[in-house]
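Protein chains in written order, with our numbering: chain A, 4 to 237; chain B, 90 to 296.
Structural data, given as structure tokens:
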């Protein structure tokens, strides 16, 4: 089966519908599927729910879909870097479900593994636990969190082979593997598609079974907080 | 003289034991890395990295290499990368020996509030709830009082909690306190701070 598509718009063809649930990889602006987000903007799909750790910034990442009012709801752990997000949230146009970061990651992983619910100590005794099932194990209280089953996963990797085996680079891996796993369909954008057989099978981070469509493209890879140190005087 | 930010960070670094894997929060906790000395400490960045290095030299920034505060950083020869589910697996699974975090309020039973102020802009808890629920030891580093001079060590937190009964030790500009049965116990006072001054600045029960 051919997984490689010529561009983001064609890779998403037939997969998008209004009101759908999308899981997106990335942490901040690092390792985000920027080309696929651009294509969703172009497609004009509306009332989207996103499971994504962050919401991008005003003009990059999921932020570009907030500008066009395509997002109905965000499931995120931290949304502090986006003024338009805050404006829409405070005016009631946008729903927001805060998930602790590890709970969000595990909800994606669990969904991808066919696990509809799991218990965690995270959030016990906080607003996060309100309305959730509590259960004691070995004298400690846990709450139940539900696995995420998304209609679509959009993911950024560094390299793919033609069968969709993926390799990520440094901290750009982040939410991408669990997001990929929890999508009914997973579309991946990479910096390079390499011939099948050229990746070491022992070095695959995410096997191609999770990957349905692949595109290669040029990435802006914007830096959110450029921090440096001075070179020591010789 | 109460401790300044760097002295608080240096005191917090004394808490870390050789061989520990540690997560440092944003603000004063980040400075702790400057004071670990010869101890073999591996820093975790919860976006998917063990063995976090210093900021890169100008021109060496890599958009694929950031810390949990979204700052560009570097790797070390011991560095390992992994995905977010694995990262919080090691946090939730108790593999991270300690987290050093800032706080808005700590209660005498160890309740911690550091993620939201009702009525103010809510940015989210990020990984803080997972960290305080999962790591071996939670050490809070913060000023003893807020900008109005009110104690941040309280009988009960007034802000929404990050975790219930999760704090083990508090390091402030006035001294070090442990959360124990019945309240807080003074471990030491900052240089030049008397026990009376520390007690007077503390709302929480001191046992």
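Here a beta-carbon is modelled for each residue, glycine too, at the ideal position from N, C-alpha and C. This one's a predicted model, so the numbers in the text were calculated from it and none came from an experiment.
Strictly under 8 angstroms for the Cβ-Cβ distance: is residue 213 (chain A) near chain B by that measure?
Answer no: the Cβ-Cβ gap between residue 213 (chain A) and chain B never drops below 8 angstroms.
Between residue 177 (chain B) and the rest of its own chain, which residues show a CB-CB distance below 6 angstroms, the 5 nearest in sequence each way excluded?
Closer than 6 angstroms at Cβ, skipping near neighbours: 219.
Which residues does DSSP list as the beta-bridge partners of residue 278 (chain B)?
The partner list for residue 278 (chain B) (beta bridge, DSSP) reads B:264.
Within 8 angstroms, do at least three Cβ pairs link the stretch 80 to 99 of chain A to the stretch 153 to 169 of chain A?
Under the three-pair Cβ rule at 8 angstroms, the stretch 153 to 169 of chain A does not count as touching the stretch 80 to 99 of chain A.
Apart from the five residues just before and just after residue 170 (chain B), which ones in its own chain have a Cβ nearer than 7 angstroms to its Cβ?
Hits under 7 angstroms: 137 and 138.
How would you call residue 214 (chain B), buried or exposed, if buried means at least 16 neighbouring beta carbons within 10 angstroms?
With 16 or more Cβ atoms within 10 Å of its Cβ, residue 214 (chain B) is classed as buried.
In DSSP terms, what residue 113 (chain B) is bridged to:
The partner list for residue 113 (chain B) (beta bridge, DSSP) reads B:189.
At a Cβ cut of 9 angstroms, what residues of the stretch 78 to 92 of chain A count as close to chain B, listed as they run along the chain?
With the criterion set as a beta carbon lying under 9 angstroms from some beta carbon of chain B, the members of the stretch 78 to 92 of chain A are 79, 80, 81, 82, 83, 84, 89 and 92, in sequence order.
Alpha helix (DSSP H) runs contained entirely in the stretch 120 to 192 of chain A, provided each spans 4 or more residues
Counting only runs of 4 or more residues that sit fully inside the stretch 120 to 192 of chain A, the alpha helix (DSSP H) segments are 179 to 185, in chain order.
Is it buried or exposed, residue 9 (chain A), if we count other Cβ atoms within 10 angstroms and call 16 or more buried?
That one is exposed.
Using 8 angstroms as the cut-off, can you tell me whether the stretch 161 to 175 of chain B makes contact with the stretch 200 to 214 of chain B, which would need three or more C-beta pairs spanning the two stretches below that distance?
Result no; under three Cβ-Cβ pairs closer than 8 angstroms.
Secondary structure of residue 175 (chain B), DSSP reduced to three states
Helix, per DSSP.
Checking 8 angstroms against the spacing of the C-beta atoms, do residue 288 (chain B) and residue 223 (chain B) come in under that value?
No, these two residues do not count as a Cβ contact at 8 angstroms.
Could you name the residues of chain B that residue 130 (chain A) contacts, counting a contact when the two beta carbons are closer than 9 angstroms?
Listed along chain B are 205, 249 and 250, each with a C-beta nearer than 9 angstroms to that of residue 130 (chain A).
Spatially closest choice to residue 199 (chain A) from A:165, A:207 and A:183, by CA coordinates
Nearest option by C-alpha distance: A:165.
Within 8 angstroms, strictly: CB atoms of residue 100 (chain B) and residue 120 (chain B):
Contact: no.
Quick one: which chain A residues come within Cβ less than 9 angstroms of residue 210 (chain B)?
Against chain A, a Cβ distance below 9 angstroms from residue 210 (chain B) picks out 83, 89 and 93.
Please work out which residues of its chain come closer than 6 angstroms, Cβ to Cβ, to residue 237 (chain A), disregarding the five sequence neighbours upstream and downstream, and give them in chain order.
Interpretation of residue 237 (chain A) is limited by its pLDDT of 48, a score under 50 that renders its predicted location unreliable; the figure taken from the coordinates is listed afterwards. Closer than 6 angstroms at the Cβ level, and outside the excluded window around residue 237 (chain A), lies no residue.
Residue 252 (chain B) - partner residues in DSSP beta bridges
DSSP output for residue 252 (chain B) lists B:201 as bridge partner(s).
On a Cα-Cα basis, can you pick out the residue from B:145, B:154 and B:90 that is closest to residue 176 (chain A)?
Shortest Cα-Cα distance from residue 176 (chain A) to any of B:145, B:154 and B:90 involves B:154.
Look at residue 242 (chain B) and residue 293 (chain B) and say whether their C-beta atoms are less than 8 angstroms apart.
Their beta carbons are under 8 angstroms apart, which means residue 242 (chain B) touches residue 293 (chain B) by this criterion.
Is the Cβ-Cβ distance between residue 157 (chain B) and residue 134 (chain B) less than 8 angstroms?
With respect to residue 134 (chain B), residue 157 (chain B) sits close: the two C-beta atoms are nearer than 8 angstroms.
Quick check: residue 284 (chain B) and residue 275 (chain B), are their CB atoms within less than 8 angstroms of each other?
A contact, by the Cβ cut-off of 8 angstroms.
Could you confirm whether any beta carbon from chain B is found closer than 8 angstroms to the beta carbon of residue 237 (chain A)?
Residue placement at residue 237 (chain A) is poorly supported in this model, since its pLDDT is 48, which falls under 50; the coordinates still yield a value, given next. Residue 237 (chain A) does not count as touching chain B.
Can you pull the chain A residues whose beta carbon is under 8 angstroms from the beta carbon of residue 143 (chain B), in chain order?
Using a Cβ-Cβ cut-off of 8 angstroms, residue 143 (chain B) is close to 232 of chain A, given in chain order.
Residue 173 (chain A) burial status per 10 Å Cβ neighbour count (16 or more: buried)
With 16 or more Cβ atoms within 10 Å of its Cβ, residue 173 (chain A) is classed as buried.
For residue 57 (chain B) and residue 195 (chain B), which I take to be in contact (beta-carbon distance under 8 angstroms), what is that distance rounded to the nearest angstrom?
Because chain B spans 90 through 296 in this model, residue 57 (chain B) falls outside it and cannot be assessed.
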